[in-house]
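Have a look at the structure below before the remarks.
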Amino acid sequence: MKAFARGFVLALVAAAWAQDALVSVTCGHTWLSVAVPAGLLGSRVTGGELTLGSSCGVTAADQDGYRLQHPLEGCGTTLQLLPDSIRYSNVLHYHPLAGGAVARARPFSLPVDCYYPRMGSVSSRAIQPTWVPFGSTIAHQRPLHFALDVYDSTWSSRLLQPTYSLGDLINIEASVRTDPRLPLRVFVDECVASPSAAAQLKYKVIADNGCLRDGQLGRSRFLPRRGDRFLRFQLDTFLFPNSSGSQIYLHCHLKAVAEGAASTAGKACSYDRVAAAWHSLDGADCSCCGSPAGCGGRRRRWLPGGMGLLGEASIRVGPLGLLSALPGSSPVPTELPTAPEPSTALPHHPSIPVVRGEKRDSGPALPVPGTMLAMVAMCSILAAVAMAGCYCSVRRRQSGHQLGGAEEDVGERSAVAMTPTTASGAQAIPGDPPLLWTLPSLPSF
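Per numbering that gives the first Met the number 0, the sequence shown starts with residue 0, numbered consecutively.
Structure below.
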């Protein structure tokens, strides 16, 4: 009796709480009932647009809305035994019918859960239970709280005022917080960078519903998930060469979709520069990321197959401080022209030129620039040529000195005896010894 009274009170409280909810669920003894208002999403809903589970449709309708009441064990409802309760789960699908060239509503899928307390008795005879399961109403108007945070290099703490050098990697995590029982997955639809919060100059980092395009020019990539409600990725640092500032801002659009296989409208694709191919984090089709036509139009508002978009938000992160460019940094070639290009070029390069630094983890950097090394090598070559010329000149001079010494010996041996004349022109006296005059040899040069 106490259990029945407690269940009755909880049912009253839950019913009062659900008056303002868009969609409500009532759990009976052997059935569950889903109430959908006729003015859902601001447009008139028809009974043929609602289904519970695989194919169970509307069972009752009035001017206020529609009711889908079906057995607990039908319509694909699943059972799960929890420590203190029994859980019955199903999904309510809304597929708006096409009404022309434009759509006034979008499809969605909402989980439907009923919880019953695990209590009873065991006997060898059939007994009539004395307890009655309480009715519970669960509102599905649950808020979604999106976040985009910058982490340190170890992913252990958030950074409030991060500063990087060119060549560093920026660790970013997108997340969504909501009821843990709500199955969903978060994606980064697109992300653009700008040199200021309101700058017109923008550089596409992520585009086409989750293609990380900066990975075609740098080391940017998505990282394996640590949960469906989290998505981590790394950005290779860069600067805007035509901007006076040394900082960047990121403007990203996040969305949460019902849990399930990713599609072209919900994906996290990274570019493998070694294999020259796109790879998905969740098994999605990334072929459109490498297509010249891209992935179609701008952000798509739903996923095919009834997997609905549960929420979305636009978030800005910044400023991210950047130090001066490293030696050897150079502008990165960017967007391909609109005219057709050779097949060796990568499609969808970013449209804004940026400056990207050398990789920090690629090995020790040279202590001097390459141009200085070239100048030192040229000076060394010139010095070697000069030394060779001096050596040849010294050898020629030594050869000349040896030749001059030989000529001097010959000159000394060719001394002649001459009879000198007096100042008056008289001849020398006979009998005097003759004077020897030696012809000096000229020095050789």
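Where is the CB? At the ideal position from N, CA and C, for every residue including glycine. Quick caveat: nothing in here was measured; it's all calculated off a predicted structure.
Around the beta carbon of R184, a 10 Å sphere encloses 16 or more other beta carbons of the protein chains shown; the residue is thus reported as buried. Three or more Cβ pairs drawn from the region 165-179 and the region 222-237 lie within less than 8 Å of each other, which places the two stretches in contact.
Residue state for G244 is assigned as coil, using DSSP reduced to three classes. Within the DSSP secondary-structure output, K203 pairs in a beta bridge with V191. In the DSSP secondary-structure assignment, P36 is bridged to G64. For S313, the closest of L253, Q160, Y150 by C-alpha to C-alpha distance is L253.
Here the region 235-242 makes no contact with the region 283-294; the two share fewer than three CB pairs at distances below 8 Å. Counting along the chain, no beta strand (DSSP E) covers D83, and no H or E run does either. In summary, Q215 is buried, with 16 or more beta-carbon neighbours lying within 10 Å of its beta-carbon over all protein chains present.
The bridge partners DSSP lists for G27 come to none.
Taking each of A37, P194, S392, K266 in turn and checking the Cα distance to L321, the smallest one comes out for P194. In the structure shown, R220 adopts extended strand secondary structure according to DSSP, grouped into three states. Within the same chain, and ignoring the five residues on either side of Q199 in sequence, no residue has its Cβ closer than 6 Å to its Cβ. By alpha-carbon distance to K201, the top candidate from G27, L165, L249 is L249. Assigned with DSSP and collapsed to three states, A312 falls in strand.
Contact annotation: R220 and S155 have beta-carbon atoms that are not nearer than 7 Å.
For R176, the uninterrupted beta strand (DSSP E) segment begins and ends at 168-176. The beta-carbon distance between G38 and G46, rounded to whole angstroms, is 14 Å. This is too long to meet the 8 Å contact definition. Counted as a single uninterrupted DSSP element, the stretch harbouring D284 is not any beta strand (DSSP E), since DSSP gives it neither H nor E. Going by DSSP, W277 is part of the beta strand (DSSP E) stretching over 276-279. Buried is the label assigned to S32, since at least 16 other Cβ atoms lie within 10 Å of its Cβ. For L96, DSSP assigns no beta-bridge partner whatsoever.
Contact holds between the region 22-30 and the region 105-119, because three or more Cβ pairs, one in each stretch, are under 8 Å apart. For P110, the enclosing beta strand (DSSP E) begins and ends at 107-116. Taking a contact as a CB-CB distance under 8 Å, the pair Y93 and E48 counts as one, their CB atoms being some 6 Å apart. Non-local C-beta neighbours of A59 in its own chain, meaning closer than 8 Å and more than five positions away in sequence, comprise Y65, R66, Q68, ordered along the chain. In this structure, V175 sits near A255, with a CB-CB distance shorter than 7 Å. In terms of Cβ geometry, F186 and G265 form a close pair [threshold 7 Å].
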